[in-house]
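S.K.:
Chains as they are written, first to last, in the numbering used here: chain H, 113 to 300; chain S, 86 to 211.
1) With 7 Å as the limit, tell me which residues of the region 142-158 of chain H have their beta carbon closer than that to any beta carbon of chain S; keep them in chain order.
2) Which of the three DSSP states is assigned to residue 187 of chain H in this structure?
3) Nearest to residue 201 of chain S by alpha carbon, out of S:120, S:179, S:119?
4) Can you tell me whether residue 280 of chain H is buried or exposed, with buried defined as 16 or more other CB within 10 angstroms of its CB?
5) Spatial neighbours of residue 115 of chain H within its chain, please: CB distance less than 6 Å, with the 5 preceding and 5 following residues excluded, ordered by chain position.
6) State buried or exposed for residue 95 of chain S, treating a residue as buried only when at least 16 other CB atoms are found within 10 Å of its CB.
7) For residue 253 of chain H, list the residues DSSP reports as bridge partners.
8) What is the rounded straight-line gap between the Cα of residue 97 of chain S and the Cα of residue 256 of chain H?
9) Taking all protein chains shown into account, do 16 or more other C-beta atoms lie within 10 angstroms of the C-beta of residue 211 of chain S, making it buried, or fewer, making it exposed?
10) Go to residue 138 of chain S, then tell me how far its alpha helix (DSSP H) extends in each direction, as first and last residue.
11) Mind pulling the chain S residues with CB within less than 7 Å of residue 272 of chain H?
12) Could you tell me which residues DSSP puts in a beta bridge with residue 134 of chain H?
13) Would you verify that the beta carbon of residue 154 of chain S is, or is not, closer than 8 Å to some beta carbon of chain H?
14) Using alpha carbons as the reference points, say which of S:126, S:154, S:92, S:118 lies closest to residue 135 of chain S.
15) How many angstroms separate the CA atom of residue 104 of chain S from the CA atom of residue 268 of chain H?
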């Protein structure tokens, strides 16, 4: 995978298959600490200790259609390449938290990529689930909570094409604005 | 702090509700984009984005989109399955943005199966 937003989509898809009802995605870009942190938390079925112990093994999967489970190992590899780390916490019945940290300005850090497309895809494919997407760049903050959107939409499905386009564009515009403001602040 | 533009969302709600009121609400087509690690790495997200843009442009409300995991044929990704009510499901392989547009316009809207891109017919066994 060429960008971190694709890894995030992959982890979100894992959460959907674990029966999650709420998936929280948090991204923190801290330029002063040279850190990028990505956290995906779900309230799905969680994993037992044996599964959790083998989560970084690319040749282990609970699925039966193929014999590899590459999602988490690929994210961990991307984190290690940027002097970071990846941890997975999980308990049966409580859900799972995947955290990956990177050195923000590391030459080998993959670009974050298109988070608008990632969130729009996740919501379009799983409109019955709720998502909370929080993105912080230094002091700037963006938050999208599908529970709040549902209240405004009043019965219109989240995966209606105009709603998905709205989500995709809103995220793209908000992140671009935040990055500009952050850059301007740094230059001052 | 960046905020969702609530007024824009309200306008979208009113537009979708008005469009739905003019149509029969039944779903005619289900499109499944296979979204395993292999599919995502091969371009499934871009395929999904293209599909959603096509649906919005065509202003159709009888096409439902969903995602599923890996089918086990990772080397043929991105794959999508098109299920038109009353017809055999069609699995397409090596889908990209251009193929997705063609499949949407010719198969989903006009009913003509795009044979050169077909991997299989029938329901997947999971």
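Yeah, the Cβ is synthetic: ideal placement off N, Cα and C, and Gly gets one too.
M.R.: Considering the structure as presented:
1) Per Cβ criterion, the list is empty.
2) What you label residue 187 of chain H is simply residue 75 of the first chain in a count that begins at 1. In this structure, residue 187 of chain H counts as helix in the three-state DSSP scheme.
3) For the purposes of this step, residue 201 of chain S is taken as residue 116 along the second chain, with counting starting at 1. When only C-alpha atoms are compared, the closest one is S:179.
4) Numbered from its first residue, the first chain carries residue 280 of chain H at position 168. The residue in question, residue 280 of chain H, is buried, as its Cβ has 16 or more Cβ neighbours within 10 Å.
5) Stepping through the first chain from its first residue, residue 115 of chain H is reached at position 3. If we look at residue 115 of chain H and ignore the five residues flanking it on each side, its Cβ neighbours are 222, 223, 225.
6) Walking along the second chain from the start, residue 95 of chain S turns up at place 10. Burial call: exposed.
7) In the first chain, the residue the question calls residue 253 of chain H occupies position 141. DSSP output for residue 253 of chain H lists H:248 as bridge partner(s).
8) In the second chain, counting from the first residue as 1, residue 97 of chain S sits at position 12. In the first chain, counting from the first residue as 1, residue 256 of chain H sits at position 144. So the two alpha carbons sit approximately 17 Å from each other.
9) Translated into the one-based positions of the second chain, residue 211 of chain S becomes position 126. Because the pLDDT at residue 211 of chain S is just 49, under 50, the model does not fix this residue reliably, and the value given afterwards should be weighed accordingly. Counting Cβ neighbours within 10 Å, residue 211 of chain S comes out exposed, since fewer than 16 surround it.
10) Numbered from its first residue, the second chain carries residue 138 of chain S at position 53. Unbroken alpha helix (DSSP H) run through residue 138 of chain S: 129-143.
11) As a working mapping, residue 272 of chain H is identified with position 160 in the first chain. What residue 272 of chain H touches in chain S: 101.
12) In the first chain, the residue the question calls residue 134 of chain H occupies position 22. Paired residue(s): H:242.
13) On the second chain, residue 154 of chain S is found 69 positions in, with the first residue counted as 1. So, interface residue.
14) On the second chain, residue 135 of chain S is found 50 positions in, with the first residue counted as 1. Selected option, being the one with the closest Cα: S:118.
15) Residue mapping note: residue 104 of chain S aligns to position 19 of the second chain, counting from 1. Residue mapping note: residue 268 of chain H aligns to position 156 of the first chain, counting from 1. For residue 104 of chain S and residue 268 of chain H, the distance between alpha carbons rounds to 11 Å.
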